[in-house]
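Everything on this sheet refers to the single structure shown next.
There are 2 protein chains.
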Amino acid sequence: MLSEDEFSEWYNDIVEKAGLCDKRYPVKGMNIWTPYGWKLMSLIDAVTHSEMARTGHREVCFPLLIPEDQFAKEEKHIKGFGGEVYWVTHAGLNPLDIRLLLRPTSETAMYPIFALWIRAHTDLPFKVYQICNVFRYETKQTRAFVRVREIHFFEAHTCHADFEDAERQIREDLEIMSVVGKSLCLPYMEMRRPDWDKFAGAHYSVGIDVFMPTGRTIQIGGIHQYRENFAKAYGITYEDEKGEHRLAHQTTYGMSERLVGAVVAVHHDQKGLKFPPAVAPIQVVIVPIPAKELQEKVAQECRTVFHRLQSNGIRAHLDERDLRPGNKFYDWEEKGVPLRLELGKRDLANNAAVLVRRDNGAKVSVPRDELIMIVKRILDEIGISMLKAAEEQLKAGIRDVEALDDLPVGVIRMRWCAEEACGKDAEARTGLNILGTRYSGEQAEGKCAACWKPAKTYLYAARTY
Amino acid sequence: MLSEDEFSEWYNDIVEKAGLCDKRYPVKGMNIWTPYGWKLMSLIDAVTHSEMARTGHREVCFPLLIPEDQFAKEEKHIKGFGGEVYWVTHAGLNPLDIRLLLRPTSETAMYPIFALWIRAHTDLPFKVYQICNVFRYETKQTRAFVRVREIHFFEAHTCHADFEDAERQIREDLEIMSVVGKSLCLPYMEMRRPDWDKFAGAHYSVGIDVFMPTGRTIQIGGIHQYRENFAKAYGITYEDEKGEHRLAHQTTYGMSERLVGAVVAVHHDQKGLKFPPAVAPIQVVIVPIPAKELQEKVAQECRTVFHRLQSNGIRAHLDERDLRPGNKFYDWEEKGVPLRLELGKRDLANNAAVLVRRDNGAKVSVPRDELIMIVKRILDEIGISMLKAAEEQLKAGIRDVEALDDLPVGVIRMRWCAEEACGKDAEARTGLNILGTRYSGEQAEGKCAACWKPAKTYLYAARTY
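So the sequences go chain by chain: V and E. All residue numbers for the first sequence refer to our numbering, where the first residue is 1 and numbers rise by one. All residue numbers for the second sequence refer to our numbering, where the first residue is 1 and numbers rise by one.
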């Protein structure tokens with residue numbers, strides 16, 4: 001595993017070298033999305049949009065600014081976020097009557113309006129989402145994509161007739177998460193956060209945690225069961241079949257640009273990034289191999305291949321720069337392009353092309369007639385093999401411990417009596433963050449690692465980003 | 001033509017009734033994009049994205065917040081916008097050292113970074129764009145999509161080696177504008193704004209003006225030639241082929257959610273909206289015609305038709321609500337769906353379906369075997385005929401005048417000696433806004449309407465939104 005210092009140095013460097021962002025913007029924690037990074041983010045968003053359409057969520061776009069009084073209605077929520085919001089106090093030359101804040105998340109912008117939109121049981125389930133920018137005045141050290149102050153954000157909000165239907169929604173959210181995770185070749189843990197660490201205002205929270213090469217975890221998604229908590233504060237009620245007015249049950253599901261951070265960190269080697277084929281901005285880069293004679297013929301054939309790939313829905317790029325092939329290989333490896341296609345004089349004669357996999361370096365000469373089919377198959381194989389490799393890392397990263405001293409690096413799994421006092425004790429004694437328990441449930445036999453009374457389940461802890 | 005009062009009442013009402021936005025958000029001038037309206041905006045954005053890809057613009061995403069000192073570097077620019085920006089002065093519980101403003105447009109966020117990105121002539125032309133939200137503290141009366149304080153915005157920014165290449169860019173922008181205009185069935189005038197009314201910091205500005213049913217015009221796009229103005233202020237230089245350092249020439253091209261406002265206003269009748277087929281969120285709505293017997297058979301056939309349309313890339317919606325067909329017709333006409341498909345018992349027997357055009361009410365029974373082909377053809381025809389109708393309105397709305405008194409309603413075209421004094425005089429005496437001169441150039445013979453000296457060209461004026 002990488003040390004935190006090694007990782008930080010590498011990570012902070014590669015995100016700029018590979019062209020994912022530019023950190024020279026003069027506001028701390030607010031970076032510029034450069035074209036290559038933004039394309040990656042957009043392709044990840046496209047997976048999300050497509051899942052939202054599949055599951056009948058409708059897209060909306062709410063205002064960025066929230067009046068202070070409206071924000072303050074759900075008490076726990078304002079406690080959770082109050083210290084980290086940006087305040088707009090003036091417009092033009094005048095002070096505002098009511099201060100406005102930049103949304104840190106949109107519950108308090110949306111829910112007073114949901115109260116107007118939702119009238120009867122026939123309006124339920126109600127499922128909307130938006131992809132937007134949110135703002136959090138982070139006081140911790142910032143890091144590109146992982147901890148920033150302007151966050152590219154996805155948030156789905158739903159309202160339901162009862163707790164059970166909201167629970168169904170959470171299962172659907174986990175299904176969506178699994179589609180997104182597969183596209184990114186990212187395995188993760190679905191953790192039910194302990195009560196003392198749930199989202200501000202939630203009944204319970206599920207954190208989606210990815211294992212990082214330093215042994216820490218990063219939360220890339222959050223799913224929250226609100227029960228009637230927000231509905232009470234914002235008056236979201238509906239008339240049921242019998243004509244009675246009831247509070248709606250609500251859930252939310254959020255993801256952010258941390259998905260990019262996790263992709264960068266989890267899939268890499270000494271050469272640089274390795275992008276999952278499903279979201280790679282460039283899936284195949286074509287590098288012409290110079291030949292003294294037939295130079296123009298090679299160039300022409302490369303262009304033909306480029307257009308064939310493009311018109312078959314493969315994101316291809318033809319690198320015609322005046323550089324040595326070796327330099328080009330180096331560049332595109334660093335930038336994580338999953339597949340390289342080389343074409344030179346010899347391939348011309350054989351009606352062939354050479355394919356080189358970024359994930360394992362495997363090189364193969366293939367007939368150009370079957371190119372599209374083979375490229376698609378290899379891209380699929382790369383995806384499968386990247387996911388498998390990451391799954392093995394995650395598996396190896398979870399360490400069972402019997403007691404709370406002498407802890408290994410990684411995710412710690414300990415037996416737990418399920419008492420809050422013991423959980424907090426474990427948190428204090430290990431100095432780790434408690435991730436919680438498996439959302440799917442897990443039974444433990446034996447003794448609680450903190451109090452030695454009989455254990456009920458397993459508690460997970462790790463250092464987190 | 002509609003009076004301003006009639007139009008305002010109708011417009012302010014229809015945008016909510018048709019489900020395009022909700023104006024009940026508690027911050028003035030900041031509305032909620034509801035699913036139907038947001039889908040329309042997204043489809044318009046899709047046209048823009050596709051044109052950007054075609055013309056080699058790369059997408060970026062810059063931070064929303066701009067430090068005050070950086071904003072103030074281009075003097076005319078800050079004069080133009082200074083009075084209408086929102087100021088972030090606090091974060092968490094602390095006042096900020098340097099105040100941040102919400103971008104009213106992104107020149108001052110981007111250009112210091114362009115200065116780092118652009119080094120040599122090989123980096124030029126440099127073409128990027130973003131689709132984002134911008135903020136302007138409007139003091140005039142707000143109106144959904146037309147004058148709002150949080151604006152959904154498109155902005156392309158380019159850098160060039162010289163003035164001529166920047167001019168080429170402006171011609172390309174006009175070509176892109178024409179593709180967008182056609183998709184929206186919106187004819188427009190390309191007006192070179194008078195010098196005293198150009199964009200803050202520009203060398204010259206081209207306004208894209210659409211004729212509204214009240215006789216006023218609305219600017220839906222702006223293209224600006226900056227020459228070296230911003231490059232000087234922000235130090236954007238490049239090394240030319242001879243190794244000399246030169247200032248870059250720059251252009252911008254902007255459009256906004258006003259496109260939606262223009263579509264709503266230009267295409268409508270007493271029944272409600274008429275959406276251009278290319279961007280209509282629903283292109284074909286299927287309404288089953290109830291039959292006592294065969295009810296289930298009709299429903300099933302409607303579902304089959306729905307899936308056939310969908311899988312052929314047509315945005316279809318099947319209305320299975322428990323309502324009378326007449327009520328459904330009324331709803332979808334109001335919401336501007338270009339084509340209605342009715343299917344009942346009789347159509348079942350004939351293997352037919354009835355198509356009703358929203359634009360002209362024409363009704364035709366068509367064989368279901370040829371449905372896809374016919375639907376596509378009719379959608380095309382609707383687009384062509386909507387554009388033609390709007391072109392005729394625009395043409396009829398431009399009125400030649402000889403003198404500056406007793407003006408007709410609409411766009412006024414007057415002969416002009418091209419002197420600023422006369423232009424300003426015309427502005428003062430007519431009480432209209434000067435739109436400028438045709439970007440393509442136009443020669444006039446006769447006498448200037450203001451000073452009676454020989455005219456050189458035509459000057460246009462109108463009341464504007």
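All residues carry an ideal CB built from backbone N, CA and C; glycine is no exception.
- Boundaries of the alpha helix (DSSP H) harbouring Trp-332 of chain V: 325-334, taken from the DSSP string.
- Taking a C-beta distance under 8 Å as the contact criterion, Gly-201 of chain E and Glu-74 of chain E qualify as a contact pair.
- If you draw a 10 Å sphere on the C-beta of Gly-215 of chain E, you find 16 or more other C-beta atoms in it, and that means buried.
- Taking the CA atoms as reference points, Pro-125 of chain V sits about 38 Å from Ala-455 of chain V.
- With a beta-carbon spacing of about 5 Å, Val-85 of chain V and Pro-104 of chain V fall inside the 8 Å limit used to define contacts.
- The Cβ atoms of His-121 of chain V and Asp-240 of chain V sit closer than 8 Å to each other.
- From the listed residues E:Leu-116, E:Gly-82, E:Asp-69 and E:Ser-106, the smallest Cα separation to Asp-97 of chain E is found for E:Asp-69.
- Close to Phe-62 of chain E, with beta-carbon spacing below 8 Å, are these residues of chain V in chain order: Tyr-25, Ile-32 and Trp-33.
- Look at Glu-257 of chain E here: in three-state DSSP terms it is coil, with no helix or strand label.
- Note that the segment 258-268 of chain E touches the segment 6-16 of chain E; at least 3 beta-carbon pairs, one per stretch, sit closer than 8 Å.
- With respect to chain V, the C-beta atom of Arg-58 of chain E has a partner C-beta closer than 8 Å.
- Counting of Cβ neighbours within 10 angstroms places Asn-350 of chain E among the exposed residues, the total staying below 16.
- Taking the Cα of Lys-395 of chain V as reference, the smallest distance to any Cα among V:Thr-217, V:Phe-153 and V:Leu-100 is reached at V:Thr-217.
- If you look at Leu-43 of chain V, you'll find it isn't in any beta strand (DSSP E); it sits in the alpha helix (DSSP H) that goes 35-54.
- A straight-line Cα-Cα distance of about 40 Å links Ser-440 of chain E and Leu-100 of chain E.
- What Asn-133 of chain V touches in chain E, judged by beta-carbon distance under 7 Å, is Leu-64, going in chain order.
- The shortest CA-to-CA distance from Arg-357 of chain E to any of E:Phe-145, E:Ile-223 and E:Val-285 is the one to E:Val-285.
- In this structure, Gly-221 of chain V and Ile-289 of chain V do not form a Cβ contact; the two beta carbons are roughly 43 Å apart against a cut-off of 8 Å.
- Under a criterion of Cβ atoms nearer than 7 Å, the residues of chain E adjacent to Leu-116 of chain V are, in order, Arg-24.
- Against chain E, the beta carbon of Ala-18 of chain V has no neighbour under 9 Å; the closest one sits roughly 15 Å away.
- Taking the beta carbon of His-90 of chain E as reference, the chain V residues within 7 Å of it are Trp-87 and Thr-89, listed in sequence order.
- For Glu-68 of chain E, none of the residues of chain V pass the 9 Å Cβ criterion, the least Cβ distance being about 11 Å.
- Among the residues facing chain E, Leu-184 of chain V is not included, as its CB has no counterpart in that chain under 8 Å away.
- From the beta-carbon of Tyr-137 of chain V, the residues of chain E found nearer than 8 Å are Ala-91 and Gly-92.
- For Glu-150 of chain V, the C-beta contacts it makes with chain E under 9 Å involve Pro-63, Leu-64 and Leu-65, in order along the chain.
- Residues of chain V with a Cβ closer than 8 Å to the Cβ of Gly-83 of chain E are, in chain order, Gly-92 and Leu-93.
- A buried status is given to Gly-383 of chain E, since no fewer than 16 other beta-carbon atoms sit within 10 Å of its beta-carbon.
- Ranked by Cα distance from Lys-453 of chain E, the options E:Glu-427, E:Glu-442, E:Leu-379 and E:Ala-418 are led by E:Ala-418.
- Close CB contacts of Glu-4 of chain E within its chain, under the 7 Å cut and outside five residues either way in sequence, are with Thr-214 (chain order).
- With a threshold of 16 other beta carbon atoms within 10 Å, His-307 of chain V falls short and is exposed.
- DSSP places Trp-117 of chain E outside any beta strand (DSSP E); the residue lies instead in the alpha helix (DSSP H), whose first and last residues are 107-117.
- In the DSSP assignment, Ser-385 of chain E forms no beta bridge with any residue.
- Inter-residue distance for Ala-161 of chain V and Lys-127 of chain E is about 50 Å (C-alpha atoms, whole angstroms).
- Positions of the beta strand (DSSP E) runs, each at least 3 residues long and wholly inside the segment 293-373 of chain E, are given as 316-318, 339-343, 352-357 and 363-367 in order along the chain.
- Annotated as proximal: Ile-170 of chain E and Gln-225 of chain E, with beta-carbon spacing under 8 Å.
- Leaving aside the five residues that flank Glu-427 of chain E on each side, the residues in its chain whose CB is nearer than 6 Å to its CB run, in chain order, Ile-434.
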